[in-house]
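If you read the sequence shown in numbering that gives the first Met the number 0, its first letter stands for residue 0, the second for the next number, and so on.
Beta carbons are placed, not taken as given, at the ideal position from N, Cα and C, and that holds for glycine.
What follows is a single structure, written as structure tokens, with notes after it.
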Amino acid sequence: MSMAKNPFIHADSLPNREPAPIFSKHKALLFNAIKCLLRNPVRSIVVILCLTALLCPFVAAIAICEGIKSQFASVLEEGCDVYVARDNYGSNAPIELEMMEKLRGIQGVTKVVPRVTGRTYVKGKFMAVLGIPSQRAPSSVQIIKGRPSKAKGEVILGWRAAEYLNLSLGSQFTIKRSLYQDFRIVGLFHSPFNIWNADLLVMNFEDASDLFGIRGEATDLLVYTRPGYEQIVDIIIQISEEESGRPPLRVQTKDLIDRYSKRGFNIKAGVFAGFLGWQTPEVLEMIALENLILGLISVPCIVLTATGWIHIFNGAAISKFFIANLG
């Protein structure tokens with residue numbers, strides 16, 4: 000008995016078949032995934048709630064960071080062209096006011112403004128302090144009530160900070176760093192930068208220098224220049240090299256600050272607390288302490304919550320993920 004041989008079929012004689020649409024497989028998988036989610040509504044809801052709880056703070060933090068980044072860019076654009084201070088192992092150190100005359104003598108410099116920045120407690124709230132000559136206050140600080148500070152002991156305060164501290168025009172207060180100095184609020188200001196409204200106290204330059212114990216010095220000098228005078232930085236560095244017996248000058252341009260600000264905001268917005276008076280070691284220590292405190296608080300909270308969930312609610316809604324066929 001001979002076996003029948005398969006007839007030879009030429010490839011050209013095969014019927015033409017339409018190839019399956021490229022997305023049909025993925026479409027079917029999508030529908031199956033939706034059906035699986037609908038068949039297990041409790042599991043789906045628990046996962047959604049967990050993801051929301053985990054990611055919501057992260058998204059909120061990103062939004063806050065972007066807001067701070069945007070406002071910082073606006074503050075930087077409004078600021079001076081060159082910041083000059085003394086260098087203390089890579090950090091800013093106070094600079095003597097006599098340096099102002101040398102900087103004013105450089106061709107292309109239009110003005111030099113001394114500034115004191117720092118942080119202190121005001122009625123229990125940790126606030127930024129800006130000490131600057133009254134006629135040189137930032138243009139974005141707009142007085143909405145009262146007047147600018149003129150005499151010793153007069154200050155202006157952001158309107159949100161005033162609401163938080165329950166202070167108003169004419170209110171007097173003392174600061175622990177300077178118990179013998181009374182400060183009186185003579186004006187409330189509004190700024191497009193929200194962080195200033197809620198966190199900034201502006202006073203005379205002399206009051207701020209006395210408050211932080213640097214009489215006759217400034218935390219930095221703000222140098223304004225005409226366009227096209229990029230060589231001013233080199234001249235300032237040359238002045239620093241010609242000095243003897245003093246720490247070198249630390250010179251930072253607006254472009255330099257803008258470059259490292261873009262890198263820094265990708266790490267953490269809090270890095271720029273330095274522009275509100277914080278020093279880098281203080282920022283690092285504060286972040287470490289914040290993380291330590293959060294960790295110490297979170298661990299017992301997590302353990303107590305898990306214990307209560309298991310013993311009181313018998314692991315409801317989550318036990319089924321780990322024990323098969325458990326309702």
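Spatial distance of residue i from residue j (CA atoms)
i	j	result
residue 101	residue 83	12 angstroms
residue 175	residue 96	26 angstroms
residue 239	residue 91	15 angstroms
residue 167	residue 161	6 angstroms
residue 23	residue 53	34 angstroms
residue 298	residue 130	42 angstroms
residue 213	residue 228	31 angstroms
residue 72	residue 66	10 angstroms
residue 233	residue 74	25 angstroms
residue 137	residue 109	16 angstroms
residue 140	residue 119	20 angstroms
residue 99	residue 220	7 angstroms
residue 192	residue 44	40 angstroms
residue 251	residue 31	59 angstroms
residue 135	residue 86	25 angstroms
residue 112	residue 302	55 angstroms
residue 35	residue 64	38 angstroms
residue 127	residue 307	43 angstroms
Identified DSSP bridge partners for residue i
i	result
residue 95	216
residue 177	174
residue 189	141
residue 156	187, 200
residue 251	82
residue 30	None, per the DSSP bridge assignment.
Exposure label - residue i; buried when at least 16 CB within 10 Å
i	result
residue 69	exposed
residue 40	exposed
residue 46	exposed
residue 245	exposed
residue 157	buried
residue 270	Low per-residue confidence applies at residue 270: pLDDT is 44, beneath 50, and the placement is therefore not dependable, though the value from the model is reported in the following sentence. Residue 270 is buried by the Cβ-count criterion.
residue 29	exposed
residue 194	buried
residue 143	exposed
residue 211	buried
residue 231	buried
residue 153	buried
Residue i beta carbon near the ligand ZN (any heavy atom closer than 8 angstroms)
i	result
residue 51	Ligands in the displayed structure: none, and consequently the ligand ZN is not present.
message = I'd like to know if the region 66–86 and the region 242–258 are in contact, where contact means that at least 3 CB-CB pairs between them fall below 8 angstroms.
response = Yes, since at least three Cβ pairs between the region 66–86 and the region 242–258 fall closer than 8 angstroms, the two stretches touch.
query = Considering only residues of the region 62–128, which uninterrupted alpha helix (DSSP H) runs meet the minimum length of 4 residues and lie entirely inside it, listed in chain order?
reply = Whole alpha helix (DSSP H) segments, 4+ residues: 98–103.
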